[in-house]
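Colleague:
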């Protein structure tokens with residue numbers, strides 16, 4: 003057996019190669035890999051004995067040679083053949099956000115070519131490009147004296163997956179660095195994080211993939227609790243996106259992908275308790291996201307609520323000890339940051355892509371009613387940030403930096419208003435209202451006035467804005483336009 007080795011990540015390589023050389027295999031290696039193997043007592047042959055050169059083009063060319071690729075791609079019968087190719091690539095992901103020079107220098111050319119050549123000829127050649135596969139390949143060779151066809155085929159598919167993912171990462175990084183803005187192709191590179199117990203429902207299969215950034219829920223560290231479910235991940239993502247809107251200590255409680263309570267306060271404990279007060283019934287079995295380190299006071303406040311998942315940027319040791327009493331609670335440590343880039347959503351036989359939501363108002367213009375005081379304006383902006391994360395049509399009632407009631411997911415905007423006011427009851431009096439889109443008629447304003455709503459924030463833009471403004475003026479409601487719609491479907 004002849005093996006070609008050229009790796010950036012050399013972890014476990016010596017142990018892997020030794021299991022073949024002890025059975026008579028010959029190993030050819032490029033400079034750095036050859037030095038590593040030699041230093042670890044493995045008699046390797048420098049690849050330059052085949053190519054006639056060490057490197058060219060200032061180190062950019064090492065393996066691109068017809069004799070090397072003939073030995074990989076040949077169907078058989080030649081005097082010299084490679085039977086296994088062990089290659090892994092420059093870690094371009096580490097340089098994806100680096101300056102252009104470093105980024106370009108870490109684009110692997112020869113390694114990708116070797117992997118693709120070996121994978122193409124899987125009928126004869128085994129390609130190994132992930133150190134995680136070393137143990138399996140060595141074991142199968144030891145047990146059977148050869149690498150089974152099924153393994154060669156599986157390794158080939160994996161190899162093409164790795165090179166495709168690598169190329170996509172390069173394309174996206176260069177596009178971003180060069181500012182070309184090319185949108186002719188949608189290329190997404192993600193790696194399996196875990197197979198889930200099932201999907202949204204038990205009869206559906208489910209999987210979680212991550213983009214390698216270590217961010218968001220796919221990159222979160224699970225500190226305790228049961229395995230995350232598909233629905234847990236969806237809800238945790240919604241909660242994390244919402245809580246990231248706030249600079250002050252904040253808590254967002256999510257159920258079935260949409261907030262049922264949110265609040266800000268001087269500390270996490272108070273923020274959580276105020277968010278919980280918005281809708282205690284819906285909060286049962288919910289997902290909670292916080293935007294500060296969880297201390298023991300906050301953990302104690304949450305100990306009475308049955309939660310599925312808790313998401314926060316960090317936890318004190320004392321808080322974790324207290325939370326550990328809730329054995330089934332899934333505790334995630336995750337950075338909290340506003341979403342950027344794009345959102346991709348699948349539709350039948352296609353995908354929709356859009357910029358991430360920027361909820362900040364385009365303007366804040368009073369168009370009717372008395373001028374609101376600073377506290378009311380703060381509540382309006384708070385409610386606006388929450389309603390942007392509620393399913394449309396959505397209306398949020400808020401007071402003193404906490405939601406009072408939420409009406410959402412309705413096909414009629416006035417029905418969303420009725421639901422929110424019904425849930426709020428007497429608490430609606432003096433509260434503010436946020437709507438994710440304009441009011442098409444004045445009826446919602448009239449109903450809000452009847453329940454004592456003091457101020458409303460909405461995008462504006464209806465052909466009946468004048469009627470809406472007149473209703474607000476008549477009802478003594480301060481009406482503000484943002485100039486921006488925040489639908490969520």
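Residue numbers (this note's numbering): 3 to 491.
Ideal Cβ placement from N, Cα and C applies to all residues, glycine included.
Please read these numbers as outputs of a predicted model, since none were measured by experiment.
Can you check which of these residues, 440, 122, 455, is closest to residue 156 by C-alpha distance?
Modeller: 122
Colleague: Name the DSSP bridge partner or partners of residue 212?
Modeller: 193
Colleague: Going by other Cβ atoms of all chains shown within 10 Å of its Cβ, with 16 needed for buried, is residue 360 buried or exposed?
Modeller: exposed
Colleague: Can you give me the start and stop residues for the beta strand (DSSP E) that residue 4 sits inside?
Modeller: 4-8
Colleague: With a CB to CB cut of under 7 Å and the five nearest residues on each side skipped, what residues in its chain are close to residue 276?
Modeller: 265, 267, 404
Colleague: Tell me, which residues are paired with residue 223 by DSSP?
Modeller: 335
Colleague: If you draw a straight line from the alpha carbon of residue 366 to that of residue 471, how long is it in whole angstroms?
Modeller: 15 Å
Colleague: Measure the Cβ-Cβ separation of residue 203 and residue 248 and say whether it is below 8 Å.
Modeller: No, Cβ-Cβ distance for residue 203 and residue 248 is not below 8 Å.
Colleague: As a quick exercise: from 217, 198, 332, 218, pick the residue whose alpha carbon is nearest that of residue 210.
Modeller: 198
Colleague: What residues match up with residue 480 in a beta bridge as DSSP calls it?
Modeller: 457
Colleague: Assess contact between the segment 223-242 and the segment 323-339, defined as three or more Cβ pairs (one per stretch) separated by less than 8 Å. Is contact present?
Modeller: Contact between the segment 223-242 and the segment 323-339 is present, with at least three C-beta pairs closer than 8 Å.
Colleague: When the Cα atoms are used, what is the spatial distance from residue 398 to residue 485?
Modeller: 18 Å
Colleague: In chain order, what are the residue ranges of uninterrupted alpha helix (DSSP H) at least 4 long that sit wholly in the segment 268-344?
Modeller: 270-280, 282-285, 298-304, 319-325
Colleague: Kindly confirm or deny that the segment 247-263 and the segment 274-291 touch, where touching means at least three C-beta pairs closer than 8 Å.
Modeller: With the cut-off at 8 Å, the segment 247-263 and the segment 274-291 touch.
Colleague: Would a C-beta distance cut-off of 8 Å place residue 174 and residue 194 closer than the cut-off?
Modeller: no
Colleague: Tell me the DSSP secondary structure of residue 83 in three-state form.
Modeller: Reduced to three states, the DSSP call for residue 83 is coil.
Colleague: Kindly confirm or deny that the segment 132-144 and the segment 98-109 touch, where touching means at least three C-beta pairs closer than 8 Å.
Modeller: No, they do not touch.
Colleague: Could you have a look at residue 348 and say whether DSSP puts it in helix, strand or coil?
Modeller: strand
Colleague: Would the segment 347-362 count as touching the segment 458-476 if we require 3 or more Cβ pairs under 8 Å?
Modeller: No, because fewer than three Cβ pairs between the segment 347-362 and the segment 458-476 fall closer than 8 Å, the two stretches do not touch.
Colleague: Span of the beta strand (DSSP E) holding residue 183?
Modeller: Run containing residue 183: none; DSSP gives neither H nor E here.
Colleague: Does the Cβ of residue 410 have 16 or more other Cβ atoms within 10 Å, making it buried, or fewer, making it exposed?
Modeller: buried
Colleague: For a test of the three-state rule: what should DSSP assign to residue 199, helix, strand or coil?
Modeller: coil
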